[in-house]
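> Residue numbers (this note's numbering), protein chains in the order written: chain A, 1 to 274; chain B, 275 to 448; chain C, 449 to 846. Take this structure first; my questions come after.
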Amino acid sequence: MFNQARHIRDKYIRDEMWPSIFCTGCGIGNVLNYTLRAVDGVGLDIDRCVFCSGIGCSSRLPGYIEADGLHTTHGRAIAFATGVKLAEPDLHVVVFTGDGDMAGIGGNHFIHAARRNVDLTVICVNNYNYGMTGGQVSPTTPERGLTTTSPYGNVEQPFDLCRLAIGAGAPFVARWTVGYPYETIEAIAAALRKPGFAFVELLMPCPTGYGKENRLGDSEAVWRWYKEHTISRRDLLQLSPEDRAASRKIVVGTLWDVDRPEYTRRWAELVQGL
Amino acid sequence: MQKEIRICGFGGQGIVLAGVVLGEAAIRAGYWAVQTQSYGPEARGGAARSEIIISSEPVDYPRVQAADVLVALSQPGFDKFGRGLAEGGIVIVEQDLVEAGGARAVPFARTAEKLGRKIVGNIVMLGYVGALLDLFPPEVLTEAVLRNVPAGTEDLNRRAVLAGRELFAAGARS
Amino acid sequence: MTAGFDYEKISGILGPREQFTQGDVACAYGALLGGCTFFAGYPITPATEIAEALSRLLPRVGGICTQMEDEIASISAVIGASWTGRRAMTATSGPGFSLMQENIGYACMSETPCVIIDVQRSGPSTGQPTEPAQGDMLQARWGTHGDHEIIALAPASVQECVDLTRKAFNLAEEYRTPVLVMTDGEVGHMREKIVLPAADEVEIRRRSGPSTPPGAFVPFQATRGKIPEMAGFGTGFHTYVTGLTHDERGLPATSSANAHTRLVRRLCEKIADATPALTDVEQDLQEGAEAGLISYGISARSAAGAVKRLRRDGLKISHLRLVTVFPFPEAVVQAFAAPLARIIVPELNLGQICHVVREAVDGAARIERVAKIGGEIITPLEIVRAVREGGEPVRAAS
């Protein structure tokens, strides 16, 4: 275990960028950990990986990885990544983004890339607010949630990002919280392997922003909150129909996994012999 | 030598195509040419204008300043764009659609109909204008037409150009 | 990475060397002959024909052509593609150009080579979508926030659409910067004769790759003058590209005033210092002339017509046409202005480049404008009248 941790650190972490900017109790460091273990486990050539991101806390992740990184403008990571992938389809293109970056300003690029089924692995870290700018309301803030721009409570219905991804055409959709390490690593690995738009939503505490505003308690309390308010899809299916209908817990697991022709392959077939 | 030609009519009469063909013929014949157009937002109807400048030198200002040849295929086209004639400029109008004192009224539409398809009215007009301008051999214009019409319509369009030339010759005789 | 540039294949696909075609189509031809193998765009009048032409041509030369969901996605994809080594471009008009500004700044900051064509139309806002204008010129220079320089070329003919688009790619690669090709709805849609270049007239100047191996290579360290070598994605150099202020390693350095100053000054000087090399103008000087015209783009055609008329009537006039508008050729403009009492600037806007001229000339001559909007291009007669009777005055910032 420790050897693997050291191996991951030595091989994949950009030393000059350490220590990271993340707050105590934040889960983004975990996301980095799980992603690198998945990359390593799948056996991707790191020289052929490109990590793209937008603007936000989770978008800082490519900077910590010793690999090609494209830290772009707010909301646009998926569009930049589409350009990279279309131009050089053999590259493994991973996008780190957040709920605000991807589903707010970046919503349009998200649904179109899913619709096109471009071979990207999109890891969306959802902490229910715009964390980097101090904790404003985001398109995934729960109803009645308190943020710096919804001080009386959020009156909007949040997106269910996974439903949105499925509706837009993504062939692989998974949701976990950073409190499920092995499942998350496996889900990211599956997403990396999946040809097409593979979407992984990772729910994660933001103790400095959303957690603080909503008095979710200290870091430990916040992590516990996630554990108590989620249920895996497998466990959900084991419940009685009544209990299942009554459950208010957030469902985690691989929620969707189908096969669809991927964009760059369709393009290559189309133009063959032109 | 510089000739400025303006063709106006309504959208759908093929006047932009006519301008493009004339321009293409001109450059094949070794001249310099510029072609521009403007139309209203309607896909059909409205007033459309296509202009061509043919010159033995590179053309600077790309629009017609004083038309040597003004062709009007519709009344609204003529009303809107039928101005700015050069001294010695010639006005040609579609006989069936345009009232314009002092202009040569030519039956382009009727001639096209006699050939079998009213839609080649613009090609008949081109044949006429080509003969009038007399800047290049008729085959150059005909080849330019054939490069710009759908496959299978070559014979019809060839006859349309010829019919236009004959209309001009007949007019010149009378 | 793309295969090498294949002139034979490309010219085979483009058709006869002499053609009668539209400016927009000519831009597409110029792109292919400039080594472009990636286009991402969004439909907008009067630039759509560029995307349509490239959607037919690019796949036949192994290129990628895609329609993105909006203009922001288009310029984003272009920048991403450029980092894989492809020559990438997009094309738009005013409203799309406005949307792209943030990422144009990103391309400046990250030193990403790319080409953006703006077929200018009448604005502001939705304006007159099918009518030409020259209303985006100062936006070309200052549209994106912060300190930066830009290279902007202004074709005045369909032939220049071919040649300046080709040139734009070489400039983008050499200076590692976005290059703007500012055409307009008139040039974009008019048809003229073009002659496509022969094989020996086509030069593809590639971006400089790293001359040191991974680990030793410093990605944002200038090695040729003020221009760093560029390591593409997927080549083992692990380049970190960001729009944040960064140091020579490419890593964020936002709390260092020194790093920011070093970086941004270098980015600006990279282009400003190269003004003499980038200057491309056409001069038609007349000994003894007291008045001169400074023009660019489609208005230069009107100006040329006016010059002909004026001289025929015995009036002396000089004419300077800007082919590269930015970086602004200040020295050339000052030399042009020196013997003159008046300079008239005709533009399809209410005054944009006339201000830059006025600043450069700095009182040595009086600056007047012929400002025309509404869709009709300026007539030679309107310029003649301005020369004879005086043009509109130019006031600061309006």
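Where is the CB? At the ideal position from N, CA and C, for every residue including glycine.
#1: Is it right to say A/G104 is buried, meaning 16 or more other beta carbons lie within 10 angstroms of its own, or is it exposed?
#2: Could you tell me if A/W223 is buried or exposed, where buried requires 16 or more neighbouring beta carbons within 10 angstroms of its beta carbon?
#3: Which residues in the same chain have their Cβ closer than 8 Å to the Cβ of C/R465, if we skip the five residues on either side of it in sequence?
#4: For B/R280, which option in B/R323, B/M399, B/P332 has the closest C-alpha, if you only look at C-alpha atoms?
#5: With H, G and I counted as helix, E and B as strand and the rest as coil, what does DSSP make of C/E830?
#6: Evaluate A/P203 with the Cβ neighbour count: other Cβ atoms within 10 Å of its Cβ, from every protein chain shown; 16 or more gives buried, anything less gives exposed.
#7: Just to make sure I have the definition right: I need the residues of chain A whose C-beta is within less than 8 Å of the C-beta of C/Q516. Which are they?
#8: What did DSSP end up calling C/T450 once you bin it into helix, strand or coil?
#9: In its own chain, which residues sit with a C-beta less than 6 Å from the C-beta of A/G209, not counting the 5 before and 5 after it?
#10: For chain B, is any of its Cβ atoms less than 7 Å away from the one on C/P828?
#11: So which residues of chain C does A/D278 contact, with C-beta pairs closer than 8 Å?
#12: Taking 7 Å as the threshold (beta carbon to beta carbon), is C/V832 in contact with chain B?
#13: Under a three-way DSSP split, which group does B/Q369 fall into?
#14: Is it right to say C/T702 is buried, meaning 16 or more other beta carbons lie within 10 angstroms of its own, or is it exposed?
#15: Evaluate contact between the region 352-364 of chain B and the region 328-343 of chain B, counting only Cβ atoms and requiring at least three cross-stretch pairs below 8 Å.
#16: Have a look at A/A198 and A/P261 and give me their C-alpha separation to the nearest angstrom.
#17: Taking only beta-carbon positions, decide if C/I512 is within less than 7 Å of chain A.
#18: Could you check if C/Q731 is buried or exposed, using at least 16 other CB atoms within 10 Å of its CB as the buried criterion?
#19: Following the continuous beta strand (DSSP E) through A/H92, name the residue where it begins and the one where it ends.
#20: Under a CB-based cut-off of 7 Å, is C/F849 close to chain A?
#21: Thinking B/A292 and B/M399 are a contact (beta carbons under 8 Å), I'd like their distance in whole angstroms, please.
#22: Could one say the Cβ of C/A451 lies closer than 7 Å to chain A's Cβ atoms, at least one of them?
#23: Should A/G69 be flagged as near chain F, meaning a C-beta pair shorter than 7 Å?
#24: Between C/I512, C/D810, C/E640, C/V793, which lies nearest to C/P841 when the distance is taken from Cα to Cα?
#25: Taking only three categories from DSSP, how would you classify A/D257?
#26: When you compare the CB of C/S497 with every CB in chain B, is at least one pair closer than 7 Å?
#27: My output table needs one value for C/T709: the three-state DSSP class, helix, strand or coil.
#28: Return the residue from the list C/S766, C/A808, C/I791, C/A789 that minimises the CA-CA distance to C/F776.
#29: Let me make sure I understand the geometry here. Which of C/K820, C/S750, C/L741, C/V771 has the alpha-carbon closest to that of C/R814?
#30: Restricting to Cα atoms, I'd like to know which of C/G483, C/A479, C/R569, C/A529 is closest to C/A499.
#31: Does the region 567-575 of chain C come within contact of the region 428-448 of chain B, defined as at least 3 CB pairs closer than 8 Å?
#32: Would you list, in sequence order, the uninterrupted alpha helix (DSSP H) runs of no fewer than 4 residues that lie entirely inside the region 459-485 of chain C?
#33: At a CB distance below 9 Å, what residues from the region 335-367 of chain B approach chain C? Give them in sequence order.
#34: What does the Cβ neighbour count give for C/R534, buried or exposed, with the cut at 16 atoms within 10 Å?
#35: Since A/T121 is in the beta strand (DSSP E), which residue starts that stretch and which ends it?
#36: Tell me which residue opens and which closes the alpha helix (DSSP H) that C/P543 is part of.
According to the structure data:
#1: buried
#2: buried
#3: S459, V643, L644, A646
#4: Comparing Cα positions, the closest option is B/R323.
#5: helix
#6: Note on identity: in this sequence residue 203 of chain A is Leu, with Pro being the wrong assignment. Burial call: buried.
#7: In the sequence as presented, Gln is not what sits at residue 516 of chain C; that position holds Met. Near C/M516 (Cβ distances below 8 Å), the residues of chain A are A79, T82, H112.
#8: With a pLDDT of only 40 at C/T450, under 50, the local geometry of the prediction cannot be trusted, and the value read off the model is given with reservation. Coil, per DSSP.
#9: Cβ neighbours of A/G209 within its own chain (closer than 6 Å, five residues either side excluded): N129, G131, G135.
#10: yes
#11: Because chain A here runs from 1 to 274, residue 278 of chain A falls outside it and cannot be looked at.
#12: no
#13: coil
#14: exposed
#15: Contact annotation: the region 352-364 of chain B touches the region 328-343 of chain B, with at least three C-beta pairs closer than 8 Å.
#16: 13 Å
#17: The beta carbon of C/I512 falls within 7 Å of a beta carbon belonging to chain A, placing the residue at that interface.
#18: exposed
#19: 92-98
#20: Examination of residue 849 of chain C is not possible in this model, given that chain C is present from 449 through 846 alone.
#21: Yes, they are in contact, since the Cβ atoms of B/A292 and B/M399 sit about 6 Å apart, within 8 Å.
#22: Only weak support is given to the placement of C/A451: the predicted model assigns it a pLDDT of 47, under 50, and the value that follows is read from those uncertain coordinates. Taking Cβ atoms only, chain A never reaches closer than 7 Å to C/A451, which makes this a no.
#23: The question asks about chain F, but that chain is absent: this structure's protein chains are A, B and C.
#24: C/V793
#25: strand
#26: As written in the sequence, residue 497 of chain C is Glu, which differs from the Ser given in the question. Not closer than 7 Å to any Cβ of chain B, the Cβ of C/E497 fails to qualify, so no.
#27: helix
#28: C/A808
#29: C/L741
#30: The residue with the shortest Cα to Cα distance from C/A499 is C/A479.
#31: no
#32: 471-481
#33: Y335, P336, R337, Q339
#34: The residue is buried, with at least 16 neighbouring Cβ atoms inside 10 Å.
#35: 121-126
#36: Note, C/P543: alpha helix (DSSP H), 542-558.
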